[in-house]
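Student: Residue numbers (full-length UniProt numbering): 1 to 343.
Glycine included, each C-beta is placed from N, C-alpha and C at the ideal position.
Model, not experiment: these values are computed from the prediction.
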Amino acid sequence: MIVQAIMLLDDLDKEVNTYAMRMKEWYGWHFPELTKILVDNVAYAKTIKFMGMRQNALELDFKEILPEDIEIELKEALKISMGTEISEEDMENIKMLADQVITISEYRTELFEYLKNRMMAIAPNLTALVGELVGARLIANAGSLMNLAKHPASTVQILGAEKALFRALKTKHNTPKYGLIYHATLIGQAAPKLKGKISRVLAAKAALSVRVDALGENTDASIGTEHRAAVEDRLRQLENQARNATSGSFRGKANVGRQNMNAGKSYNSSNDFKFDNSKKRPAESEPVEVKKPKIEVIEPKTEESPKAEEKKKEKKDKKEKKEKKDKKDKKEKKEKKEKKDKS
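As structure tokens, this is what we get:
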């Protein structure tokens, strides 16, 4: 029963949203300023059904439907409205659509009350811990209350995020930290950095609560309320730790600065400069030896004989002749190869 009720509740939410969107677009051609004044779908439908054409709003009293400030704003917007005129047949169809929105929303509230009563009767501890809607969605995803009781806490934590889990395992990325349990009020109260830790704690307590509901004999929600209080205490503890960590870092920096200031004020005698008396200066009476600079004697270069110069010239000439012959031989070899290749 719970599985069918929660699925029907989701379908009704989708239908109400689609019908209300179509109703606002349709009546917006006649009175477009009303969509900004009234955001609630049910109030919008009731005002359309009660008012009809926009010209009738000046003569009507909206005390039963709208508060006074919104009524005054509506009548002031009517004077400067930029909408077009519509026929009576169009207005009748818009009113019929508004009736559908009102009836579906009323049935949705009745169905929610039925679901709340069934959840308190079947799973009171889970309802006290995570709420009616989240508990019903967990049961619907698992298939039944007994199937949910068989799941470990790690599975309860990521229940509803199967696609993200297998995608993360396939691509070797980080696995999701929460699934349907993310919509619980306790996780919504936590800071973004603490949502993963609180979801783990809440999933563990939810797994215990579900097992008590499925296999226990007690029908009260005492265990669920105890688990909820424990999760709230853990949340406060984590928040205090995070707050102390941030404040402690600033305190540490301030203490280091104070220590440096105090260290600068204190006198450290080890940093004093001391003269080394082991090296004594020579007395004025003692004679000082003066080192004489060495004088190098540069001998003049002797001129080479004319025979030696002739020998050097001959060696140079021989080298040049050899280099010329080598170049000629290389050219001849290249020409012979080219001729062979062409032939």
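Does residue 26 come out as helix, strand or coil in the three-state DSSP assignment?
Tutor: Correct three-state label for residue 26: helix.
Student: Taking buried to mean at least 16 other C-beta atoms within 10 Å of its own C-beta, is residue 345 buried or exposed?
Tutor: Here the chain covers residues 1 to 343 and nothing more, so residue 345 does not appear.
Student: Would you say residue 148 and residue 138 are within 8 angstroms of each other, going by their C-beta atoms?
Tutor: The answer is yes: Cβ separation under 8 angstroms.
Student: Could you check where the alpha helix (DSSP H) with residue 96 kicks off and where it finishes?
Tutor: Note, residue 96: alpha helix (DSSP H), 88-122.
Student: Enumerate in chain order the residues of its own chain whose CB-to-CB distance from residue 199 is below 8 angstroms, with the five nearest sequence positions on each side excluded.
Tutor: Around residue 199: 157, 177, 178, 181, 182 and 187.
Student: Rounded C-beta distance between residue 370 and residue 207? I'm assuming under 8 angstroms.
Tutor: This structure leaves residue 370 out entirely; the chain is present only between 1 and 343.
Student: Below 8 angstroms, can you find three or more Cβ-Cβ pairs linking the segment 63-76 to the segment 8-28?
Tutor: At 8 angstroms Cβ cutoff, the stretches do not touch.
Student: Could you check whether residue 20 and residue 101 sit closer than 8 angstroms to each other, using their CB atoms as the reference points?
Tutor: Yes, Cβ-Cβ distance for residue 101 and residue 20 is below 8 angstroms.
Student: Nearest to residue 5 by alpha carbon, out of 83, 31 and 109?
Tutor: Ranking the options by Cα distance to residue 5, first place goes to 109.
Student: For my contact list, residue 126 and residue 213 are in at a C-beta cut-off of 8 angstroms; report their separation, rounded to the angstrom.
Tutor: The pair is a contact, with the Cβ atoms about 6 angstroms apart (cut-off 8 angstroms).
Student: When the Cα atoms are used, what is the spatial distance from residue 155 to residue 39?
Tutor: One C-alpha to the other measures close to 39 angstroms.
Student: So residue 60 and residue 50 are supposed to be a Cβ contact under 8 angstroms. How far apart are they, rounded?
Tutor: That belief holds up - the Cβ atoms of residue 60 and residue 50 are roughly 7 angstroms apart, short of 8 angstroms.
Student: Is the beta carbon of residue 121 sitting closer than 8 angstroms to the one on residue 153?
Tutor: Going by C-beta atoms, residue 121 is not nearer than 8 angstroms to residue 153.
Student: Looking at the unbroken alpha helix (DSSP H) that takes in residue 51, where does it start and where does it end?
Tutor: Unbroken alpha helix (DSSP H) run through residue 51: 41-51.
Student: Look up residue 82 in the DSSP assignment and say whether it is helix, strand or coil.
Tutor: The answer is coil: DSSP assigns residue 82 none of H, G, I, E or B.
Student: Can you tell me the Cβ-Cβ gap for residue 135 and residue 146, rounded? I've got them flagged as a contact below 8 angstroms.
Tutor: Contact flag wrong, Cβ pair sits at about 15 angstroms.
Student: Restricting to Cα atoms, I'd like to know which of 36, 325 and 31 is closest to residue 57.
Tutor: Checked all of 36, 325 and 31; the closest Cα to residue 57 is 31.
Student: Using the rule of at least 16 other Cβ atoms within 10 Å of the residue's Cβ for burial, across every protein chain shown, is residue 132 buried or exposed?
Tutor: Label assigned to residue 132: buried.
Student: Using C-beta distances below 7 angstroms, list every residue in its chain close to residue 238, excluding the 5 sequence neighbours before and after it, in chain order.
Tutor: Once the five neighbours on either side are set aside, the close Cβ partners of residue 238 are 194 and 197.
Student: With 16 other CB atoms within 10 Å as the buried threshold, where does residue 87 fall?
Tutor: So residue 87 ends up on the exposed side.
Student: Can you give the Cα-Cα distance for residue 105 and residue 54, rounded to whole angstroms?
Tutor: Approximately 24 angstroms between the Cα atoms of the pair.
Student: According to DSSP, is residue 285 helix, strand or coil?
Tutor: Note that residue 285 scores a pLDDT of 49, beneath 50, so its modelled location is shaky; the value from the coordinates is reported in the next line. Note: residue 285 maps to coil in three-state DSSP.
Student: Taking a contact to mean a Cβ-Cβ separation below 8 angstroms, would you say residue 52 touches residue 91 in this structure?
Tutor: In this structure, residue 91 lies closer than 8 angstroms to residue 52 by Cβ.
Student: Buried or exposed: which applies to residue 159, given that a residue is buried once 16 or more other Cβ atoms fall within 10 Å of its Cβ?
Tutor: Counting Cβ neighbours within 10 Å, residue 159 comes out buried, since at least 16 surround it.
Student: Using a Cβ-Cβ cutoff of less than 8 angstroms, which residues in the same chain neighbour residue 341 once the five nearest sequence positions on both sides are dropped?
Tutor: Taken in chain order, the list of residues that qualify is empty.
Student: For the putative contact between residue 98 and residue 23, defined by C-beta atoms under 8 angstroms, what is the C-beta separation to the nearest angstrom?
Tutor: About 6 angstroms; that satisfies the 8 angstroms criterion.
Student: Around the C-beta of residue 66, are 16 or more other C-beta atoms found within 10 angstroms, so that it is buried, or is it exposed?
Tutor: Residue 66 should be labelled buried.
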